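Participant: One structure, as structure tokens, below. Some questions next.
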């Protein structure tokens, strides 16, 4: 199941490295979204490290996501572009910095660091 989901989710990564709040309708929700991007980055990087995902296929996706996440850091260290809690997609802005976005960012960073060793 994990490998099937990974193969599907990489199809929805946008040119800028982010996933949007609506995977199936990114045109209507064009703003960057960092918490999902960080969680996808984390999961894919973990899958590579565990030998479940092909590095040649998935590492470029992880690297693109990690580079995109670097654009989300506020001067005070908070992570922006975090989808607010909701039951449906909505507009996301750089100023949106909810704690779980930072947690997802740290998870992604930990796995990306493992891949660089």
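Numbering (our numbering), first residue to last: -4 to 112. Idealized CB from N, CA, C, for every residue including glycine. Treat the numbers as computed from the prediction; the structure is a model and nothing was measured.
Taking 8 Å as the threshold, find out whether the stretch 45 to 60 comes into contact with the stretch 69 to 87 through three or more Cβ pairs.
Facilitator: no
Participant: Helix, strand or coil: which one does DSSP assign to residue 93?
Facilitator: Residue 93: coil per DSSP, three-state reduction.
Participant: According to DSSP, simplified to helix, strand and coil, what is residue 106?
Facilitator: DSSP, read as helix, strand or coil, puts residue 106 in helix.
Participant: Return the Cβ separation of residue -1 and residue 44 in integer angstroms, given the expectation that the two are a contact with Cβ distance under 8 Å.
Facilitator: Residue -1 to residue 44, Cβ: 19 Å. No contact.
Participant: Among 11, 53, 26 and 16, which one has its Cα closest to the Cα of residue 81?
Facilitator: 16
Participant: Excluding the five sequence neighbours on either side, which residues of its own chain have a C-beta within less than 8 Å of the C-beta of residue 28, listed in chain order?
Facilitator: 13, 14, 15, 16, 76, 77, 78 and 87
Participant: Below 6 Å CB to CB, which residues in the same chain sit around residue 109 once its five sequence neighbours on both sides are set aside?
Facilitator: 44
Participant: Starting from the C-beta of residue 48, find all residues in its chain whose C-beta is less than 7 Å away, skip the five residues before and the five after it, and write them out in chain order.
Facilitator: Same-chain partners within the cutoff: -2, 1, 39 and 42.
Participant: If we count the other Cβ atoms within 10 Å of its Cβ and call it buried at 16 or more, is residue 99 buried or exposed?
Facilitator: buried
Participant: Checking the sheet assignment: what are the DSSP bridge partners for residue 3?
Facilitator: According to DSSP, residue 3 bridges with nothing at all.
Participant: Determine which residues share a DSSP beta bridge with residue 68 and list them.
Facilitator: 74
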